[in-house]
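Engineer:
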Amino acid sequence: MRKVTVTYSLRELDSVPMIRLRGKWLGRAGFQEGKRVQIDVANGRLILTIDRDAGSMVGRDSPSP
Numbered sequence: 108m109r110k111v112t113v114t115y116s117l118r119e120l121d122s123v124p125m126i127r128l129r130g131k132w133l134g135r136a137g138f139q140e141g142k143r144v145q146i147d148v149a150n151g152r153l154i155l156t157i158d159r160d161a162g163s164m165v166g167r168d169s170p171s172p
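If you want it as structure tokens, here you go:
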């Protein structure tokens with residue numbers, strides 16, 4: 108289990124919650140650079156899943172719709 112602290116980011120004069128994840132453990136878990144990630148929100152949980160149906164984002168100018 109990993110623990111992080113919710114911090115904030117300023118966006119147009121408003122403070123918004125932010126969680127930053129980084130580390131080699133993400134790569135070991137399959138979250139490689141350029142992979143698209145699906146985020147589901149339910150009952151106080153964030154569930155991060157690699158989107159296996161989407162292509163890699165590395166080298167693209169903009170995300171797919």
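If you're matching positions, the sequence shown starts at 108 in this note's numbering and goes up one per residue. Glycine is no exception: its CB is placed at the ideal position from the N, C-alpha and C atoms. Fair warning: this is a prediction, and the values are worked out from it, not measured in the lab.
Ends of the alpha helix (DSSP H) at E133?
Structural biologist: In the sequence as displayed, the identity of residue 133 is Leu instead of Glu. Unbroken alpha helix (DSSP H) run through L133: 131-135.
Engineer: Can you name the residues that DSSP bridges to D121?
Structural biologist: In DSSP, D121 forms a bridge with R118.
Engineer: Give me, in chain order, the residues of the same chain whose beta-carbon lies closer than 6 angstroms to that of T156; leave out the 5 immediate sequence neighbours on both sides.
Structural biologist: So the list reads Q145, once near-sequence residues are dropped.
Engineer: Ends of the beta strand (DSSP E) at I154?
Structural biologist: Taken as a continuous stretch (DSSP letters only), the beta strand (DSSP E) holding I154 covers 152-157.
Engineer: Give every residue of the same chain whose Cβ lies closer than 7 angstroms to the Cβ of V123, excluding the five residues on either side of it in the sequence, and list them in chain order.
Structural biologist: Cβ neighbours of V123 beyond the five flanking positions: Y115, S116.
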